[in-house]
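There are 2 protein chains.
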Amino acid sequence: MNAALQHETLTRSVEDYLKAIYRLSPQGRAASTSEIAQRLELSPASVSGMVKRLSEQGLLEHVPYKGVQLTADGRRAALRMLRRHRLIEAYLVAFLGYTWDTVHEEAERLEHAVSDTMVERMAAVLGNPAVDPHGDPIPTSDGDIHETAGIPLSEVPAGARVEVRQVEESQPDRLRYIASLGLRPGVRFTVVDRQPFRGPITIEVAGRTHVVGSELGQVVRCAGDEDA
Amino acid sequence: MNAALQHETLTRSVEDYLKAIYRLSPQGRAASTSEIAQRLELSPASVSGMVKRLSEQGLLEHVPYKGVQLTADGRRAALRMLRRHRLIEAYLVAFLGYTWDTVHEEAERLEHAVSDTMVERMAAVLGNPAVDPHGDPIPTSDGDIHETAGIPLSEVPAGARVEVRQVEESQPDRLRYIASLGLRPGVRFTVVDRQPFRGPITIEVAGRTHVVGSELGQVVRCAGDEDA
DNA sequence: ACTCAGATTTAGGGTAGGCTAAATCTGGGA
DNA sequence: TCCCAGATTTAGCCTACCCTAAATCTGAGT
Ligand SMILES: [Mn+2]
Ligand SMILES: [Mn+2]
Ligand SMILES: [Mn+2]
Ligand SMILES: [Mn+2]
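Protein chains in written order, with this note's numbering: chain P, 154 to 381; chain A, 154 to 381.
Pasting the structure below:
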């Protein structure tokens, strides 16, 4: 309920903190100060300070030296930002000639500036998409989200035929490389070979064979054919 | 040249100050502290402080107790913001279902968040419009502007047939009223009668007659048929 | 049970940009 | 020429966030 009041008053910093903490807390795990600091490229001391303020505002639960979790209000605000971010990305790709390697940076700023009205207008002209250009699910306007974390490419058994589900959006050059392999959400391909100890992975995409390193194995997430 | 460096580093506040000062300085007149304060809804003391900082940064020329003028750098930055603001307004009306009474507020925030790239993409899909939804001229990307200040409706002689040029964008309810009269940029109408001493003005728009007060007379600006 | 490296918090400091109240300037009228 | 109302600036304060350096906690490994 507090959230209704804060709704309009959260600063850009606060919004980015909440979003980062959400992404660092799969199924409500606690996020650590240093994880948050690393993701937001801030000093741990700064994060400590902000965490204290956000707890006092009721957006976080903080156990000193242990970590933070979002409260219901905090989670609501985080999902609202995630919806904005991902819809903006989808809109820019669909209507303003952006590619998946360039949208993230633009959305990172715009997400704080657009009105709820504008977000919903963009959703409408897009036909209420379920995922963004990186395959990440878009929360609904009332805060539901289908977290469909595919399995990392590095864990797909050799021989399997799978579909790209989602690709980590940070690092534009990495996204360009991935696109150059023909991989993007929805594309089906085959894992031909997988070497142990984080070794290279051989894949075949649209008839062409590529060998990629373990970093890509972490960053590209896949799904079998069962669902979807 | 300083501007090139600052380009990316101007804050939202600074950008709004420069824009306000530009609009308060037709043909390089000096803008006063209190005018700026009023337009930005800030205290005169706050404006004094900011004016000092902006002068030190080379964006303003300040003669204490007299007023401020934009430097070349300041003017460049102001026109860049004006281009952004007006293109965003045009884009929102054209593609996202906004009306001229709702765009200003949205643009006031977005103008600080969009990249140059996005601004130019919007301009491109719009076909590089010359004016925004309120009839205000859009500066070019290299900072040219055709200030086409029409004459206020209150100064149009009775009997004249004129065209709406531009309408003051602040105050959404006033814009809705004006729209309800059938007036918007490009619409031709006749001034039937004009009473002295800021008296009411009778106009005929598309066959319908209306009597409006002097406030509208100031806010609606017109042009004869010669140009355009 | 101790220890200490690494994580975290605290202390202290900086910038940006607001505000109110007090001091100061300026120009028009007597 | 003088005076004072109104405009402007200065003084002092506040909030939000960021930083580095110092203090403090915690837990894994002996
Ligand atoms: Mn952001
Ligand atoms: Mn994304
Ligand atoms: Mn603005
Ligand atoms: Mn406008």
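All C-beta atoms, glycine included, are put in the ideal place defined by N, C-alpha and C. Values in this document were obtained by computation on a predicted structure and should not be read as measured data.
Next item on the list: List the residues of chain A whose Cβ lies closer than 7 Å to the Cβ of E259 of chain P, in chain order.
Entry: Neighbours of E259 of chain P on chain A, chain order: S268 and M271.
Next item on the list: Jot down the residue ranges of each uninterrupted beta strand (DSSP E) in the region 206-292 of chain P, minimum 3 residues, whole runs only, in chain order.
Entry: Those beta strand (DSSP E) runs which fall completely within the region 206-292 of chain P and span 3+ residues are 213-216 and 220-223.
Next item on the list: Confirm the yes/no value for this check: CB of K172 of chain A, any heavy atom of ligand 3, distance under 8 Å.
Entry: Distances from the CB of K172 of chain A to the heavy atoms of ligand 3 include at least one below 8 Å.
Notebook entry, point to check: Which residues, in chain order, sit with a beta-carbon under 6 Å away from any heavy atom of ligand 1?
Noted result: Ordered along the chain, the selected set is P:D169, P:E261, P:E264 and P:H265.
Next item on the list: Mind listing the chain A neighbours of L249 of chain P? Cutoff is C-beta to C-beta under 8 Å, in chain order.
Entry: Chain-order list of chain A residues neighbouring L249 of chain P: M271, R274, M275 and V278, by C-beta distance under 8 Å.
Margin query: What I want to know is whether the C-beta of V256 of chain P ends up closer than 8 Å to one or more non-hydrogen atoms of ligand 2.
Written below: The answer is yes for V256 of chain P.
Next item on the list: With 9 Å as the threshold, decide whether the Cβ of L193 of chain P is near any Cβ in chain A.
Entry: L193 of chain P has a beta carbon lying at 9 Å or more from every beta carbon in chain A.
Checklist line | Under 9 Å between C-beta atoms of P290 of chain P and R327 of chain P | finding: It is not a contact, given that the beta carbons lie outside the stated cut-off.
Check: Closest Cβ-Cβ distance between D326 of chain P and chain A: below 9 Å?
Finding: D326 of chain P does not count as touching chain A.
Check: Ordered along the chain, which non-local residues of its own chain (more than five positions away) have a Cβ less than 6 Å from that of A173 of chain P?
Finding: I189, R192 and L193, listed in sequence order.
Check: Anyone know if the C-beta pair for M275 of chain A and I331 of chain A falls short of 9 Å?
Finding: Contact flag unset, no.
Check: In chain order, what residues of the same chain lie with their CB nearer than 7 Å to the CB of E357 of chain A, ignoring the 5 residues before and after it?
Finding: The answer, listed in chain order, is F342, T343 and V345.
Item checked: Contacting residues, own chain, Cβ-Cβ under 7 Å from R347 of chain P (five flanking each side not counted) -> Excluding residues within five positions, the ones whose Cβ falls inside 7 Å are A311 and I354.
Note to self: I'd like to confirm something about H299 of chain P: is its beta-carbon nearer than 8 Å to some heavy atom of ligand 2, or not?
What the structure shows: Set against 8 Å, the gap from the CB of H299 of chain P to the closest heavy atom of ligand 2 is not smaller.
Next item on the list: Determine which residues share a DSSP beta bridge with H363 of chain P and list them.
Entry: DSSP, once it has assigned bridges, lists P:I356 as partnering H363 of chain P.
Checklist line | Proximity test, E194 of chain P beta-carbon vs ligand 5 heavy atom, cut-off 8 Å | finding: This structure lacks ligand 5; its bound ligands are ligand 1, ligand 2, ligand 3 and ligand 4.
Margin query: Beta-carbon within less than 7 Å of R351 of chain A's beta-carbon, same chain only, minus the 5 sequence neighbours each way: which residues are those?
Written below: Around R351 of chain A: S367.
Next item on the list: Tell me whether R374 of chain P counts as near ligand 3, meaning its Cβ is closer than 8 Å to at least one heavy atom of that ligand.
Entry: Checking every heavy atom of ligand 3 against the Cβ of R374 of chain P, none is found closer than 8 Å.
Notebook entry, point to check: How many angstroms separate the CA atom of E321 of chain A from the CA atom of L223 of chain A?
Noted result: Pairing E321 of chain A with L223 of chain A, the inter-Cα distance amounts to about 22 Å.
Notebook entry, point to check: Near D285 of chain A, which residues of its chain fall below 7 Å by C-beta distance, leaving aside the five closest residues on each side in sequence?
Noted result: A distance below 7 Å between beta-carbons, with the five flanking residues on each side excluded, links D285 of chain A to the following residues of its chain, in chain order: R239, E242, A243 and I291.
Margin query: Taking only three categories from DSSP, how would you classify L158 of chain P?
Written below: Unreliable positioning characterises L158 of chain P in this predicted model, as indicated by a pLDDT of 47, which lies under 50. The coordinate reading is nonetheless provided below. DSSP places L158 of chain P within a helical segment (H, G or I) once states are collapsed to three.
Margin query: Within a Cβ cutoff of 7 Å, which residues of the same chain sit near G370 of chain A, ignoring the five residues on either side of it in sequence?
Written below: Listed in chain order, the non-local C-beta contacts of G370 of chain A below 7 Å within the same chain comprise P305, L306, S307 and I354, local neighbours out to five positions each way being set aside.
Check: For I304 of chain A, which of helix, strand or coil comes out of DSSP?
Finding: The answer is strand: DSSP assigns I304 of chain A an E or B state.
Notebook entry, point to check: Buried or exposed: where does D295 of chain P fall if 16 or more other Cβ atoms within 10 Å of its Cβ makes it buried?
Noted result: With fewer than 16 Cβ atoms within 10 Å of its Cβ, D295 of chain P is classed as exposed.
Next item on the list: Just mark V278 of chain P as buried or exposed, buried being the case when its beta carbon has 16 or more other beta carbons within 10 Å.
Entry: Its Cβ having fewer than 16 others within 10 Å, V278 of chain P is exposed.
Checklist line | ligand 4 heavy atom lying under 8 Å from the CB of R229 of chain P | finding: Not so, every heavy atom of ligand 4 lies at least 8 Å from the Cβ.
Next item on the list: Spatial neighbours of A313 of chain P within its chain, please: CB distance less than 8 Å, with the 5 preceding and 5 following residues excluded, ordered by chain position.
Entry: The residues T343, V344 and G377, in chain order, have a CB closer than 8 Å to that of A313 of chain P in the same chain once the five nearest residues on each side in sequence are set aside.
Notebook entry, point to check: Just the Cα atoms here: how many angstroms apart are A266 of chain P and T164 of chain P?
Noted result: C-alpha separation (whole angstroms): 10 Å.
Note to self: Here's the rule I'm using: 16 or more other beta-carbon atoms within 10 Å means buried, otherwise exposed. How should V315 of chain A be labelled?
What the structure shows: With 16 or more other CB atoms across the displayed protein chains lying within 10 angstroms of its CB, V315 of chain A is buried.
Margin query: Quick check: the Cα distance between Q210 of chain P and M203 of chain P, rounded to an integer number of angstroms?
Written below: Straight-line measurement puts the Cα of M203 of chain P at about 11 Å from the Cα of Q210 of chain P.
Notebook entry, point to check: In three-state terms, what does DSSP make of E316 of chain P?
Noted result: Looking at E316 of chain P - three-state DSSP - the assignment turns out to be strand.
Next item on the list: Please indicate yes or no: does the CB of S259 of chain A lie closer than 8 Å to some heavy atom of ligand 4?
Entry: Residue identity check: residue 259 of chain A is Glu in the sequence provided, not Ser. Checking every heavy atom of ligand 4 against the Cβ of E259 of chain A, none is found closer than 8 Å.
Notebook entry, point to check: Along chain P, in chain order, which residues have C-beta atoms closer than 8 Å to that of R314 of chain A?
Noted result: Neighbours of R314 of chain A in chain P, taken as residues whose beta carbon is under 8 Å from its own, are absent, since the nearest beta carbon is some 38 Å off.
Note to self: Closest to I298 of chain P by C-alpha separation, out of P:M234, P:H257 and P:A359, would be which residue?
What the structure shows: It is P:M234 whose Cα lies nearest to the Cα of I298 of chain P.
Next item on the list: Quick one: residues in its chain with C-beta nearer than 8 Å to the C-beta of E168 of chain A, no 5 flanking neighbours on either side, listed in chain order?
Entry: Here the set comprises A230, M234, E264 and H265.
Next item on the list: Taking only beta-carbon positions, decide if R262 of chain A is within less than 9 Å of chain P.
Entry: When Cβ-Cβ separations below 9 Å define contact, R262 of chain A makes contact with chain P.
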